[in-house]
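In my numbering, the protein residues as written are 79 to 1308.
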Amino acid sequence: MPKFTAYTTWSSNGITFANTTVIGTSPYSVFVDNNNTVYVCDYSLNRVQAWREGSSNPTRTVSGTLNNPYSVFVTSNGDIYADNGYANNRVDKWILNGTNSTSAMYVKNICYGLFVDINNNIYCSMYNLHEVVTNSLINPSNMWTIAAGTGCSGSTSNTLYNPRGIFVDTDLNLYVADYTNNRVQKFLSKQLNGITIAGTGATGTISLNGPAGVVLDADGYVFIADYLNNRIVGSGSNGFRCLVGCSTVAGSASNQLHYPTSLSFDSYGNIFVVDNYNNRIQKFYVTNNIYSTSINQPSFCPSTTWYTNAITFANSSIAGTLVWSVFIGIDNTVYVANQQTNKIVVWFEGSINPDKILSGSLSTPYDLFATTLGDIYVDNGVNNHRVDKFSFNSNISTSVMSVPYGCYGIFVDISDTLYCSTFTSHQVVKKWLNDNALTSTIVAGTGTAGSTATTLNTPIGIFVDAQVNLYVADCINNRIQMFPVGQFTGITVVGASVPGTITLYYPYGITLDDNGYLFIADCYNHRIVGSGPYGFRCLFGCTTISGSAPSQLYYPAILRFDSYGNLYVADRNNNRVQKFILASNSCSLSYNQPIFCSSASWSANAVTLASSSIAGLLPYGIFIDGINTVYVPNRISNTILSWPQWSTAPTSKSYSNLSNPYSLFMSMTGDIYIDNGYSYGRVDKYTFNTSNRVTVMNVNGSCYGLFIDISNNLYCSLKNLHQVVKLLLNSGTTIPTIAAGNGSAGSLSNMLNFPQGIYVDSNLNLYIADSVNNRIQLIQTGQLDGVPVVGNGSSANIILNYPTGIVLDANSYLFIVDSYNHRIVASSSTGFRCLVGCSGGGSTASQLSFPQSMAFDSYGNIYVTDRNNSRQYQPPPPLLLRAAAVVPPLALLLLPPAVRQAAVLLPLLPVVLQAVAVLQAPLPPPPVPLVALLQVVAVLRVPLPLAVLLRVVAVPPAVLLVLPPVPQAVVLQVALLPRPPLAVVLLLPPPQVQQQVAAAPQVVLLRAAAVPQVAPLLPLVLQQVAVVRQVLLPRAAVVPQVPLLRRPLLAVPLRAVAAPPVAVQRVVAVPQAAPLPPAVPQVALPPPPAVLQQVAVVPQVAVQRVVAVLQVLLLRVAVVHQVALPPPAVLQVVLLLPLPLLAVLLQAVSLRAVAVLQVVLPRAAVVPQVAAVLQVLLLLTLPLALLQVAPQLRPPLAVAALQVAVPQLVLLLPLAAPQVERLPSQLLKD
């Protein structure tokens, strides 16, 4: 009793297992036991023969006193029971390997059927006595018991008429082939009233003509030898269908039968049939036990994609003009109806040129369909009002169904029912192919055009699924209707009236995949659309503009899949058949992992998908799902942007309580996981197509990378904690465990230093872009110690500089975002090579500037978040600030030339400097590493000739304001909002350094330190800088989120020392100070000429680099221009400079203010009242220069440090900040 699907098929051509030479004439019964031994009753030879599995000749013969045996049954222990009722009125038994028989049961007549049930009861169907009798083999009686029938012929529920084959299931229900009543009766255990399950009296089953044999499969479906119809039929979940001999014409060909009497399955599902009048035993092999329907329905994953440029499979010279239909058989044979030549063109799988052309008497054929048996059904209705059939390997057609007009759609379901969509009659009709009548019945539509649930308007494409539900492309109604089996009221499943689907414009062709998802030829939109778990999407021709390019269609009509998932489309007005090849169909990945050859290459010039006006400033993460939808988190607007495949216009979706998202990941089910660690310390999950948020992981910072592996583990790279953590989703907890890194920055095997991009392969190996260590770490499954596979410590032939992203292709080759080298590199069988950005950083189409993340689409195209480049955002001009919405602009004017000239003569008159940060208005870095100049405002009549270089960061909360003039003084004012800045100390160099100034009079000396409560200083850090003429300062290092060390803070000055005119760059290591990688190469670039002209008093100054200092966090600086807020409480520092000494100073040094890049100090004292004004006088005669401002514990404000090179210049400190409790420092967030 094999197990079959509803779609199992058998070869239509049987092989002859045994012929008349071996079994004689008129054989009646065949039986296959559970060892696949075949037993046959040789009626004319009075014997039973047996063939062991694999034998071509009989291996055993039993006879005894048999006389014209009709039936045989073999039990699981090998005992043979054979009918011997014709002359001897008994059933004989041979034990296993026995040669002599014994009587097992006495009967009155021939047993046309024998069966032994699981309780060892034997049954005999007595044809001439119209009853089935039974007896126990364990406790036999001299008299048998009636199991069914009365002994008199009849057609009532308790009577039989010439019963033949019988079968008893495991529930002891008895099935009887009631031959003359043309039915199969089922008698429940110990019941004498039968139930008709097939044939006459069983509506909706099948018509039988003299059923002779009956068996069941493992699911209880019935298979019948329909004796007088010369065929084998079977039932399934979708009803009855013909399996073998379906022409019902008696014959001796391999696909014909002549009065089959008995059938039996072997364990493989092959059918053995006694072909009584042909004196043979035929074996029909099971050909497929998995086909879901009679047509190719590949199983696609949610992320399946196809190449959008099709190849032309057949052009007009072969397919004709205005080609309408293409069909792909189960064996991938391609059929095209040529309406010009009225012929069918056939290509076998793999053929480029046609292998066969069929003609017949066709006239303008529209659609066609080829069954699993190879029979071809072709529309011939436009002029001949019929559907024709070309039998397998036949060149002659016959009429099988009458139709009112052309069939624009044809389909044959698994029960051999033929459907036709009659275009002009607004209905779909059907006919069972095993019925010899030509007439059809209506299955959908009323015959009148309409848009109601029961009407259709110009139906075209049709499809019948495995449950025999009918789908109709209701063309003029712009919808797809589904008619459940047996129903005439349709349900609209696609169309404008169905929310969440898609709008159609005259749909023509329609097909379904194995998961029941729809694919539609949206004809007048010149495109193919498809559905999936993520909803509908456009697949081909998505511009909706007709054309003849490989990516375009022009009124596509019918579409069909081959078994591989490639899609064929009849491109009607282009007079061609197009083949769209499957690109990716991975069901285990929600993202793309293309396969590349070692010679794969990418265009050197990129196209911009999104600028800063869309993606926001400094974009970081990117994700592309399997259907090529691109997702980018906008960290400014706190939204997620998405672009469907080929779309240039994104949609923006907001999520509740989302703050500064760095990364995201989408699961196979379409659920989206978003980093929300910046403010809320969590990773959020949003269920597909909903706004339902669930916190799935708690984290201590932003996840710079998110990943879900094939075992449903969620990974997060915590850059600032130097760790990667993971969590098994749906495990009942939100607390992750450590996957890599011990929480301390370092380069050991169990340590990481600012990990960013992560990737987990199919073997659950974790790859990490270990940024500051300039390496890719591989953490094998179950390990915490990593191995460098690329970069520092590895044997790879490439050097990395701050890698931030990593992905793998299908061959496990690495693709790396080498951020500070401004490029994408990849490994291959021949080693590493540069793919993109190989000429260095820049803003041309072939360059990148600090790329962060990358992702593949299914075609292998690379998408990159080009963080600092104008392709991701449009940077403002060098001297223009993009102000916050609530801050009115205020122009800061440059010092007029006339004033600069007067400044030489009158140096003591005041100049007011100011520094502010704009509330919540982060600024993009400039497109080139320029240092912009803030402008000095002349106050009163004659200013001090001091040029100022100033860079500040726009962070909450402070404002640069121009203050009223202060007579006879130069004032530096820092406006304080509710959170005051941290301590800033201005120190002058020692005498030995001052002596070096004389050798280089035009170099500014800087010595700045952070000193809480005037702590002792550590050894100073010196950086030697060459004097370079006409050069601006390069950009300072960009180091987001550098943690502060938990040790008492000591003053660490930062000093720039003038050197002779020799270019020397050196950074002296400070104990416990981590070097910070620069944001741009250390190359000095000239500023715009206009800027140089306006900074007359600092004509020849060059400072190369800021040195990383212990417990000082340096962040990117931005230029603040045109911003004003009302001044809050002011902290004033007054510098009183005597004229004689200042005159000497002006000849040797330029005074300037340089941005102190967000110096963060922990454990600093807090100023309890912000409004208080602290005044400090700078006097020329004192021995030490100190300026102290008490800090708060929050992240710092923008701070401007005034640099002055003055011999013996000293700062008095008349007022000290009050002592407060020291608290641990906090991480400063980017």
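The beta carbon of each residue, even a glycine, is placed where N, CA and C say it ideally should be.
Everything numeric in this text was worked out from a predicted model, so none of it was measured.
The continuous stretches of beta strand (DSSP E) do not include G163, which lies in the alpha helix (DSSP H) extending over residues G163 to N166. Using a 10 angstroms sphere on the CB of D640, the tally of other CB atoms reaches 16 or more, which defines it as buried. For R901, the three-state secondary structure derived from DSSP is strand. By the 16-neighbour rule on beta-carbons within 10 angstroms, V942 is buried. In this structure, T519 and V507 form a Cβ contact; the two beta carbons are roughly 6 Å apart against a cut-off of 8 Å. Put simply, the backbone Cα of V774 is about 37 Å away from that of C620. Between the segment 319 to 338 and the segment 89 to 105 there are three or more inter-stretch CB-CB distances shorter than 8 Å, so the stretches are counted as touching. Here N357 is near P105, since their CB atoms are less than 8 Å apart. As summarised for the segment 720 to 749, there are no continuous alpha helix (DSSP H) elements at least 4 residues long confined to that stretch.
Restricted to the segment 751 to 814, the beta strand (DSSP E) segments that are unbroken, complete and at least 3 residues in length are 760 to 764, 771 to 776, 781 to 786, 791 to 796 and 801 to 806, listed in chain order. Of the candidates G484, I580 and G288, G484 places its Cα closest to the Cα of S403. In summary, T143 is exposed, with fewer than 16 beta-carbon neighbours lying within 10 Å of its beta-carbon over all protein chains present. Take G227, set aside five residues on each side of it, and the residues of its chain with a beta-carbon closer than 7 Å to its own are H208, E209, V210, T237, L238 and P241, in chain order.
Residue pairing of K171 in beta bridges, as defined by DSSP: Y159 and T180. Residue nearest to F405 within the set V914, T399 and N416 is N416 (criterion: CA-CA distance).
For V194, the enclosing beta strand (DSSP E) begins and ends at C189 to V194.
Secondary structure of L306 (DSSP, three-state): helix. With respect to I302, V262 sits close: the two C-beta atoms are nearer than 8 Å.
The three-state secondary structure of I692, taken from DSSP, is helix. For S641, there is no enclosing beta strand (DSSP E), as DSSP gives it neither H nor E. Comparing alpha-carbon positions, the option among A544, N879, C498 and W724 lying closest to T536 turns out to be C498. For A397, the three-state secondary structure derived from DSSP is helix. If you draw a straight line from the Cα of G578 to the Cα of T383, it is about 21 Å long. The alpha carbon of I196 has as its nearest neighbour, out of D896, L252, W721 and K186, the alpha carbon of L252. When the five nearest sequence neighbours on each side are left out, the beta carbons in the same chain lying within less than 6 Å of the beta carbon of G568 are those of A531, Q559 and F561, in order along the chain.
F95 sits away from V152, with the two beta carbons spaced by 8 Å or more. Shortest Cα-Cα distance from I884 to any of G869, L596 and N875 involves G869.
Burial state of N135 is exposed, judged by a 10 Å Cβ sphere holding fewer than 16 other Cβ atoms. In this structure, the alpha-carbon of D247 lies about 20 Å from that of M204.
Assignment of R713 by DSSP, reduced to helix, strand and coil, places it in the coil class.
Of the other Cβ atoms in all chains shown, fewer than 16 fall within 10 Å of the Cβ of R130; this residue is therefore exposed. In this structure the segment 733 to 749 lies against the segment 782 to 789, because at least three pairs of beta carbons, one per stretch, are closer than 8 Å.
Closest by C-alpha distance to T177, out of Y159, N166, V185 and P672, is Y159.
S122 carries a helical assignment under DSSP once its states are collapsed to helix, strand and coil. S679 has its alpha-carbon roughly 28 Å from the corresponding atom of P380.
Contact between N420 and L440 holds, with the beta-carbon distance rounding to 4 Å and staying under 8 Å.
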